[in-house]
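A.B. asks:
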Amino acid sequence: MTKELLFSLSSPSRDDLNVYGFRFGSGAKRLAILSGLNGEELSGMFVASQLVAFLEAQEAKNSHLFDGEILIIPAINHFAFNMGVRFWPLDNTDINVMFPGFDQGETTQRIAHALFEHLQGYEYGIVIEDRKDRAKCLPYIKLIDSPYIDIEKAKDFGLPLIHLKNFAPTDSGSLLYNWGVWNTKAFSLVVGNKGTIDMPETQEAKESIIAFMSKTALIDYAVEPKTVAPRLIEHHETVVIKAQAAGVFSPKVDTGATVAKGDMIGITYDALCGHIKERFFAPMDGIITCMYNYPLIFQHSVAYRMVEVE
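Residue numbers (my numbering): 729 to 1038.
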C-alpha cells in the first residue's frame, strides 16, 4: 500500500485542502473507491477507511492479493467535515454536481476536475454516498438509468436491493454518471444517515464491497455466498407513505422489517398537547426499505418507503 497526495488546493483563510489516496496492487487500473464528497458522508468515509485497513492487513498475509490496481479515497471535502456542513463551506456549492469539472472554473469545479483526472481509466468505480433527505434506509446499490449501467455486476455486491433511478438533469454533473460516460462501470453504494455512523450498516457496506472485489477477481479472497438474491427495484415499484400531519414522529418498525397489510408502523403526536394526530398503517404486505429519521416530521414528508414482498 502507498499513501499518495493526489492534489492540493490552497486556501486564503485555512490550511490547504490536501486530498490523499491509498493505492494497492499494480498494473491495470481495476477499481477506484471514494467517499466524502460532502461533509455529511461520515458513514461513507468510515467504510472507505475500513477498506483501507482491511486491504492493508490482507496484503501483509498474501503478496499476490491483487489483480491490478485499486485506489481508495476516503474523503475529499475536508473543510465541510471540519465545519459540520454538507457542501463546500466557502460558497455552499455541491462538488457532486460539478463533474467532470473545469480547471479554470469555480472552486468546486476545480476540485471536481482535479479529482476526476485521477479517477479516469478505471474498469470499475464505487462512490459511497448518503441520501439527500432525512431518511434511514437499508444499504443499497443505486444506478442511474442510462446506457452505461451494468445491472448484473451490481448483483455482485450481494445487497438485497438495487435501485434503478430515473435520470434527472442534475445527474449529468454527478460523479456516478460521468464515470459511465468515460467508460468506467460505476456504482453508488448508499449507506448511512446524515452526519452519523451506524456501525452495523457500515459493516454491511464494507462486506458488500469486499464481496464485489472477490467476485470480480480483483482480490484473491474468499467470501461467504449470500442467501438472498439481489432484487432490482425501479422507481414505480416503491410505495411512498407520506405524513398527513406535522408533529413528533414515533416509528414502530425499523428498516428491513417485513410487515403485513394493515400493520401499524408509526405514530405522529401533536408536539404541544401530546395527542395522537396520525397513525401510519402498512398499505400492503412488504418490506420497509426507508423511513423518516428525525423526531419532528413535517406535513407531506415521506415517512416510509416500502416494496412488496416477492
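Ideal Cβ placement from N, Cα and C applies to all residues, glycine included.
#1: Rank Ser736, Gly833, Thr983 and Asp743 by C-alpha distance to the C-alpha of Gly749 and give the top, closest one.
#2: So Gly853 and Thr912 are in contact, right, with Cβ under 8 Å, and what is the actual spacing, rounded?
#3: If you compare alpha carbons, which of Ser936, Ala973, Ser763 and Ala933 is closest to Pro809?
#4: From Leu733 to Pro802, what does the alpha carbon distance come to, in whole angstroms?
#5: Can you tell which of Ser777, Tyr949 and Phe895 has the C-alpha that lies nearest to the C-alpha of Lys789?
#6: Cα separation between Ile879 and His846?
#7: Classify Gly772 as buried or exposed, calling it buried when 16 or more other Cβ atoms lie within 10 Å of its own Cβ.
#8: Would you kindly report the start and end of the unbroken alpha helix (DSSP H) that includes Arg838?
#9: What does Lys757 pair with, by DSSP beta-bridge criteria?
#10: Given this structure, state the Cα-to-Cα distance separating Ile890 from Lys881, to the nearest angstrom.
#11: Would you mind stating whether Thr821 and Phe827 have Cβ atoms separated by less than 8 Å?
#12: Give the secondary structure of Phe1026 by DSSP, where H, G and I count as helix, E and B as strand, and everything else as coil.
#13: Given a cut-off of 8 Å, decide if Ile798 and Phe844 are closer than it, judged by their beta-carbon atoms.
#14: What does the alpha-carbon distance come out to for the pair Arg959 and Glu857?
#15: Could you check where the beta strand (DSSP E) with Asn810 kicks off and where it finishes?
#16: Run through the DSSP bridge pairs and tell me what Glu1036 is partnered with.
#17: What are the partner residues of Thr986, as DSSP defines its beta bridges?
#18: My output table needs one value for Ser736: the three-state DSSP class, helix, strand or coil.
#19: Can you grab the Cα-Cα spacing for the pair Pro867 / Asp998, in whole Å?
#20: Could you give the distance in angstroms between the alpha-carbon of Arg1033 and the alpha-carbon of Val968?
#21: Kindly list the residues whose CB is nearer than 6 Å to the CB of Val956, restricted to its own chain and excluding five residues on each side of it in sequence; keep chain order.
#22: For Ala892, which of Glu768, Asn906, Thr898 and Ser874 has the nearest alpha-carbon?
#23: Residues bridged to Cys865 by DSSP?
#24: Give me, in chain order, the residues of the same chain whose beta-carbon lies closer than 8 Å to that of Ser942; leave out the 5 immediate sequence neighbours on both sides.
#25: Within the same chain, show all residues whose beta-carbon is closer than 8 Å to that of Glu965, passing over the 5 residues directly before and after it, in chain order.
#26: Hey, Phe940 and Leu871: beta-carbon distance below 8 Å or not?
#27: Can you tell me the Cα-Cα spacing of Gly984 and Ser741, whole angstroms?
#28: Taking its Cβ as the centre, do 16 or more other Cβ atoms sit within 10 Å of Met1012, making it buried, or is it exposed?
#29: Between which two residues does the beta strand (DSSP E) carrying Phe752 extend?
#30: Quick one: grab the DSSP three-state call for Phe915.
#31: Using three-state DSSP, classify Lys883 as helix, strand or coil.
C.D. replies: According to the data block:
#1: Walking along the sequence shown from the start, residue 749 turns up at place 21. The shortest Cα separation from Gly749 among Ser736, Gly833, Thr983 and Asp743 belongs to Ser736.
#2: Walking along the sequence shown from the start, residue 853 turns up at place 125. Walking along the sequence shown from the start, residue 912 turns up at place 184. Taking 8 Å as the upper bound for CB-CB distance, Gly853 and Thr912 are in contact here, some 5 Å apart.
#3: Residue 809 sits at position 81 when you count from the first residue of the sequence shown. For the sequence presented, residue 809 should be read as Phe rather than Pro. Residue Ser763 holds the alpha-carbon nearest to the alpha-carbon of Phe809 among Ser936, Ala973, Ser763 and Ala933.
#4: Position 5 of the sequence shown, counted from the first residue, corresponds to residue 733. Position 74 of the sequence shown, counted from the first residue, corresponds to residue 802. In a straight line, the C-alpha of Leu733 is about 13 Å away from that of Pro802.
#5: Position 61 of the sequence shown, counted from the start, is the residue given in the question as residue 789. Here the closest residue by C-alpha is Tyr949.
#6: Position 151 of the sequence shown, counted from the first residue, corresponds to residue 879. Position 118 of the sequence shown, counted from the first residue, corresponds to residue 846. One C-alpha to the other measures close to 25 Å.
#7: Taking the first residue of the sequence shown as position 1, residue 772 is located at position 44. Buried: at least 16 other Cβ atoms inside 10 Å.
#8: Residue mapping note: residue 838 aligns to position 110 of the sequence shown, counting from 1. Thr835 to Leu847 is the extent of the alpha helix (DSSP H) around Arg838.
#9: Here residue 757 is taken as the residue at index 29 of the sequence shown, counted from 1. According to DSSP, Lys757 bridges with Glu797.
#10: Stepping through the sequence shown from its first residue, residue 890 is reached at position 162. Stepping through the sequence shown from its first residue, residue 881 is reached at position 153. Whole-angstrom Cα-Cα distance: 11 Å.
#11: Locating residue 821 in the sequence shown gives position 93, counting from the first residue. Locating residue 827 in the sequence shown gives position 99, counting from the first residue. Taking 8 Å as the Cβ cut-off, Thr821 and Phe827 do not qualify as a contacting pair.
#12: Locating residue 1026 in the sequence shown gives position 298, counting from the first residue. The answer is coil: DSSP assigns Phe1026 none of H, G, I, E or B.
#13: Here residue 844 corresponds to residue number 116 of the sequence shown, with the count starting at 1. Here residue 798 corresponds to residue number 70 of the sequence shown, with the count starting at 1. No, the pair does not count as a contact, with Cβ atoms beyond the cut-off.
#14: To locate residue 959, count along the sequence shown from 1; it is residue 231. To locate residue 857, count along the sequence shown from 1; it is residue 129. Straight-line Cα distance between these residues: approximately 20 Å.
#15: Here residue 810 is taken as the residue at index 82 of the sequence shown, counted from 1. Counting along the chain, Asn810 sits inside no beta strand (DSSP E); it lies in the alpha helix (DSSP H) bounded by residues His806 to Met811.
#16: Here residue 1036 refers to the residue found at position 308 when the sequence shown is read from its first residue. The partner list for Glu1036 (beta bridge, DSSP) reads Gly1014.
#17: Taking the first residue of the sequence shown as position 1, residue 986 is located at position 258. DSSP lists Ile1015 as the beta-bridge partner residues of Thr986.
#18: Within the sequence shown, numbered from 1, the residue matching residue 736 stands at position 8. Ser736: strand per DSSP, three-state reduction.
#19: Taking the first residue of the sequence shown as position 1, residue 867 is located at position 139. Taking the first residue of the sequence shown as position 1, residue 998 is located at position 270. Between the alpha carbons of Pro867 and Asp998 lies a gap of roughly 32 Å.
#20: Translated into positions along the sequence shown, residue 1033 becomes position 305. Translated into positions along the sequence shown, residue 968 becomes position 240. The C-alpha of Val968 is placed about 5 Å away from the C-alpha of Arg1033.
#21: Translated into the one-based positions of the sequence shown, residue 956 becomes position 228. Hits under 6 Å: Pro888.
#22: As a first step, residue 892 is located in the sequence shown; it is residue number 164 there, counting from the start. Checking the sequence shown, residue 892 turns out to be Leu, not Ala. It is Ser874 whose Cα lies nearest to the Cα of Leu892.
#23: In the sequence shown, counting from the first residue as 1, residue 865 sits at position 137. Beta-bridge pairing by DSSP links Cys865 to Cys1018.
#24: Position 214 of the sequence shown, counted from the first residue, corresponds to residue 942. Hits under 8 Å: Tyr949, Ala950 and Val951.
#25: Working through the sequence shown from its first residue, we reach residue 965 at position 237. Taking C-beta separations shorter than 8 Å and ignoring five residues to either side along the sequence, the partners of Glu965 in its chain run Val1035 and Glu1036, following chain order.
#26: In the sequence shown, residue 940 corresponds to position 212, counting from 1. In the sequence shown, residue 871 corresponds to position 143, counting from 1. Cβ distance not < 8 Å, so Phe940 and Leu871 don't count as in contact.
#27: Position 256 of the sequence shown holds residue 984. Position 13 of the sequence shown holds residue 741. Taking the straight line from one Cα to the other gives about 45 Å.
#28: What you label residue 1012 is simply residue 284 of the sequence shown in a count that begins at 1. Exposed, because fewer than 16 other Cβ atoms sit within 10 Å of the Cβ of Met1012.
#29: Position 24 of the sequence shown, counted from the start, is the residue given in the question as residue 752. Judged by DSSP secondary structure, Phe752 falls within the beta strand (DSSP E) whose first and last residues are Leu745 to Phe752.
#30: Stepping through the sequence shown from its first residue, residue 915 is reached at position 187. DSSP, reduced to helix, strand and coil, places Phe915 within a strand of the structure shown.
#31: In the sequence shown, residue 883 corresponds to position 155, counting from 1. Three-state result, Lys883: helix.
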